[in-house]
């Protein structure tokens, strides 16, 4: 009986256990289970996906892109430009490797062109009007690329038309100081000044000249500045090397501000109000024309007058005389004038941005922007098509992952192929003006890759200090071109590095303080964390201002593939690095921005400012305590933010807490904007990174005001900028502090 | 045997079932269950909590608050003001009914005061310097409140000091048109002008006068404008009624802009850069002094010259002559001058905002702001203490719920007790300037209750059209004072209503187009959805410009409790309505903003603009198509947004989707900001609601530019404003459209 009972109990227990197991595991619980989106919202960046991305970026395909993009010259709004528009659209709308959507956005923008019917002329004419010398009108042909009828004659965009004639003088780089110095030597009234590129903005060379009575300006590229002194096309210059042939001429936009000139702060749409062209400021008041050093050599070495100081001299084998004014008595040009015949005209033309998007899955209302301009001066193999080739390879790899259902970024990615950059960053600036509200609300970051490869030695990156970290992370995961075992990061460190109080030796990041490329509107007008990435020179090997074919008819596929980046491995390294950054910005649960790195720079800036200015300011009863306190507060807030991020349990935290932190990080740079701080600098609103002419590594408004005050005595303006900075930095600190 | 087997099977089945049940319900599943925060993030507003709130708002306690707040005069930065600071802090820091935190924020602000040692004087003096009449220096005492030594002498803040003496003229309301008219009748050089309140801003009465050679201005309140004609203090005016006694004088700030005058766009901290006082604009260039109608009657009725037109006349029993200039030959004052002796001085003083906060639980980084100024001119029972009493009752009820653990809002609530409003909305403007970054990023809405009760007839509410809906919802849930069965909403409809194309008959909301109270910085500088709520007049019963004791020594507890709101039931209704709105803004899962209501107003505005301007603009080749298209786009975007919100499954949607929509709603008004659109209007950036002098119900910049163009021919400015509007409205539409 006991046995039976025991057996019954054991059986019963067994059955019960089976029941329990079935009940627990066999039946789905109907209680509160996790909603479908709980895992999505907590998803972080996927390192294996990044590896796949890196492995798929193909140097050969980049080369193919470049070949296609550079078949013909594609200056803004020309037929060649339209061809590239179509090409971008075709690629971005490709059903297998395109983006979710791609479209074109048009603006009616104010451009300037030479007249193909009446080419600009520069001649030396003697008193009886005989032409003694004519400056070459087009660059010499070497590879037949130069013969394309669409190669635009070298000219200075926005130079007024006009036919000034006068005695030639040499004005070095055409800085304000240069003209001042020259005017003490020579009476400049009615003269034509020849200047070399560098030292001052293009337009400045004419703007600085006019007050002295100069009536026309020439500008050329001295072989010392661009060719490490090499001058002969027999065997020294392209196609024998990367150096500029003697007839090469740097074209360019001769303006001071950026964006469409007729529609300040408004997108240049058809019916948009336009200011009268005569109200445009920052462009040459007198005709100016760029010429090759072949002709400059002839003109400069015939000049009379006193010899210029050593630092004014370039590579020509002569003393760079100031000019008598005019040529020396022993010259064939004695008593002759230089005559400019400039027929440039301005026109409102239809320019296109090509836009493409990959929609975000979790936070579609957060945008990571990536952009590059599309228009060139001539074939533009390096500027900008190296960048466009890289962008197209990026979008091919990412687009494929999206189309195959393997990936969709957490945040939305917007790609911009900007138009009319060469005329003054116009496409990107109009885009920023049109969408200021949306971009201010939602843009997390902007990545700019314009010229992807200046040269193939090392990575170069500039940006807000907060993005340093993500660039470093990305650069460590990419092999340096041709150096399998060295990372782009380690290679970079060899070429340019600095000591950080936090990290020790690290690669040196630059800052985006000017308007050198399309990042300008994103940094200065919109306050979006931005960066500019490229491969660049070994400065031990060349002193060239920039790659020598820049803005000339020699910037071709042949030039790029032969001398700049054979095999396109540097292009590939840039694509991998920038793409890695892009994926991290788009996919990271927490934005990979480091506020302490920002604090470190503000700390450096304030220390420099105190060293430079505090004693003098005390004598004017202006205290620097508020700015010191503001930077201190920013520092504490940044450290605190670091801790909050470190302590965060990423897997368990509420998505709104994560979003709150991301919003703080996203909006940090917005807090530095002040639309009234720089009334003379168009669309410069960022009080930390605005351009400055003071040449000090510190706050730009303060530095410039200080320089001015030293001569004008306007110490109020210095005090004003200190207050703007104190309030702005304090406001930025508040953005990082606990929200309430 | 079969029995046994059957029994065994049945038993076994039973045990198995028990086992299954235990297994399923008895053991917690370790699989993916909902994280702790899933319910929190989806929580919506709790209607039962709102009922509790409404029932707890206590009219008696509001009356007690008012009594305490009005014990002594509390003009900005005086000892009385400091007493109210302490009182606010004590209440907000109360452990049982206070807020999470409360603190004081100080600014050093530029104020203007009469000299207590040398009171301002206005006299009639004859040619031999005999004083024939002296204007009363202080208001007559009726209730002993007027005897308080801290009652400030009536004066015009920011009037310069000076002792002008001249023949008197009558200039009606002192508008530009009034002076122009008068100057055609009388030579105004060297005259003193007497004007009545109304028609023009306070400062304008002096600013408009100076160009005609007027050297001093008097301003008074005509009994026709404030007292429905009643004038006698024997039995007609306070303390016999709510009407202004003959000696009552409206004080005020005589300035045009708002915020601290010396620190434009910068918070007025100790070391902040200050502009030189002589650079301040918008204040009287000549001395001006307010006086009572008792004295104005004497002066005006003795004037010589021609009789003024009927519309210039007030309630005095005389023809309101222009002045000879000066008095009539038959007057005792014949040949006499009026002399002003003004000793006002300006001083930078320390003014406090008192701030308090209830931290949000789910979205602490979203702020709902509620504010009211604290400073008065004298006892300020109505202005502003009616509002402060209401705010304190709100914070008591809400604070108690928080302290008892019964409630914590989804979003954070920030309360502001602003200082120095009477001098030009200074406390709130400095706050907005200091925290522009944080507030722009995070503020969902601002509720302003300044004067809570002007009179006890009906609710009055103004604001962005998007907040109409939540105010209506709240007003429907509150009983009208003294009318148990009528809601505040229904009662409102009886007094002021309009036809809406969408809703039919609805109460009429106003717009916040000026800078009448502390909402100005939130609307115009920061672009935050704002509203202003109060109880007000039955316009069938009075034509008074404003409640008659406004800014006088009669605005006391006795006056308020006897004539404005006996029993404080209207105060209670305002507290309930505004509090209900506040809770809904803080607690709603989706912000209760209605974009279609905004679209309706833009539609009205554009239709009005087209009616008024299109034909004329066509003749200047200016198209209105872009603005029509922008409003159309806004309309479609708003409708789409409505649908997105309607379709949303609130219980299941991801918190980031909800947040995305809320961000779109929050940032809608930010998209209408343009810091450059109104260079002459300090801190006016909202292109829809900026102030306008054109008097048209349409876009302010456009309307003003059109008026100007009609005389100046500057049609470019009109075109510019059309472009600003088109781009701004288009940008706002994009904010509401799908994010990508």
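Protein chains in written order, with the working numbering: chain A, 1 to 740; chain B, 1001 to 1740. Glycine included, C-beta positions come from ideal geometry on N, C-alpha and C.
Bridge partners of residue 1445(B) according to DSSP: 1368(B). With distances taken between CA atoms, residue 95(A) lies nearest to 400(A) out of 144(A), 376(A), 400(A). Within the same chain, Cβ atoms closer than 7 Å to the Cβ of residue 1550(B) are found at 1250, 1383, the five residues on either side in sequence being excluded.
The beta-carbon of residue 1400(B) is placed no less than 8 Å from the nearest beta-carbon of chain A. Identification of chain A residues near residue 1435(B) by a Cβ-Cβ cut-off of 9 Å yields 731, 734, ordered along the chain. Cβ neighbours of residue 1224(B) within its own chain (closer than 7 Å, five residues either side excluded): 1314, 1315.
Per DSSP, the continuous beta strand (DSSP E) segment holding residue 1530(B) begins and ends at 1530-1536. Taking a contact to require three or more Cβ pairs closer than 8 Å, the stretch 1212-1222 of chain B and the stretch 1182-1197 of chain B qualify as touching.
For residue 654(A), a Cβ of chain B is located within less than 8 Å of the residue's own Cβ. Comparing C-alpha distances from residue 1159(B) to each of 1203(B), 1468(B), 1578(B), 1057(B) shows the shortest one belongs to 1203(B).
Shown here, residue 373(A) sits in a strand according to DSSP, grouped into three states.
When DSSP states are grouped into helix, strand and coil, residue 1481(B) belongs to the coil group. Residues of the stretch 235-268 of chain A with a C-beta less than 9 Å from any C-beta of chain B: 263, 264, 265, 266, 267, listed in chain order. With respect to the C-alpha of residue 1140(B), the residue from 1104(B), 1594(B), 1663(B), 1232(B) having the closest C-alpha is 1232(B). With a 10 Å radius around the Cβ and a threshold of 16 neighbouring Cβ atoms, residue 1339(B) comes out buried. Shortest Cα-Cα distance from residue 115(A) to any of 346(A), 262(A), 269(A) involves 346(A). Among the residues facing chain A, residue 1272(B) is included, as its CB has a counterpart in that chain under 8 Å away. Taking 4 residues as the minimum length, the alpha helix (DSSP H) runs contained wholly in the stretch 1204-1255 of chain B are 1223-1226, in order along the chain. For residue 1039(B), the enclosing alpha helix (DSSP H) begins and ends at 1038-1042.
Of all residues in the stretch 1627-1638 of chain B, none places a beta-carbon less than 8 Å from a beta-carbon of chain A.
If you draw a 10 Å sphere on the C-beta of residue 505(A), you find fewer than 16 other C-beta atoms in it, and that means exposed. Apart from sequence neighbours up to five positions away, the residues of its chain that approach residue 1620(B) with a beta-carbon distance below 6 Å are 1715, ordered along the chain.
Assigned with DSSP and collapsed to three states, residue 689(A) falls in coil, not helix or strand.
The C-alpha of residue 703(A) lies about 9 Å from the C-alpha of residue 721(A). With respect to the C-alpha of residue 563(A), the residue from 576(A), 578(A), 547(A), 575(A) having the closest C-alpha is 547(A). With a minimum length of 3 residues, the unbroken runs of beta strand (DSSP E) contained wholly in the stretch 134-212 of chain A fall at 168-170, 192-196. Counting only the Cα atoms, residue 1476(B) lies some 12 Å from residue 1054(B). For the stretch 416-444 of chain A, the residues whose beta carbon sits under 9 Å from a beta carbon of chain B are, in order, 433, 434, 435, 436, 437, 438, 440, 441, 442. Remark: C-beta atoms of residue 648(A) and residue 729(A) do not approach each other more closely than 8 Å. Interface annotation, residue 676(A): in contact with chain B, CB-CB separation under 8 Å. With respect to residue 1700(B), residue 1712(B) sits apart: the two C-beta atoms are not nearer than 8 Å. By the Cβ rule, the stretch 1101-1111 of chain B counts as touching the stretch 1258-1265 of chain B, because three or more pairs are nearer than 8 Å. For residue 146(A), same chain residues with a beta-carbon under 8 Å away, outside a window of 5 residues either side, are 138, 139, 140, 553, 554 in chain order.
Close to residue 361(A), with beta-carbon spacing below 8 Å, lies no residue of chain B; the smallest spacing is near 10 Å. C-alpha of residue 498(A) to C-alpha of residue 1654(B): approximately 45 Å in a straight line.
Take residue 1474(B), set aside five residues on each side of it, and the residues of its chain with a beta-carbon closer than 6 Å to its own are 1577, 1580, 1581, in chain order.
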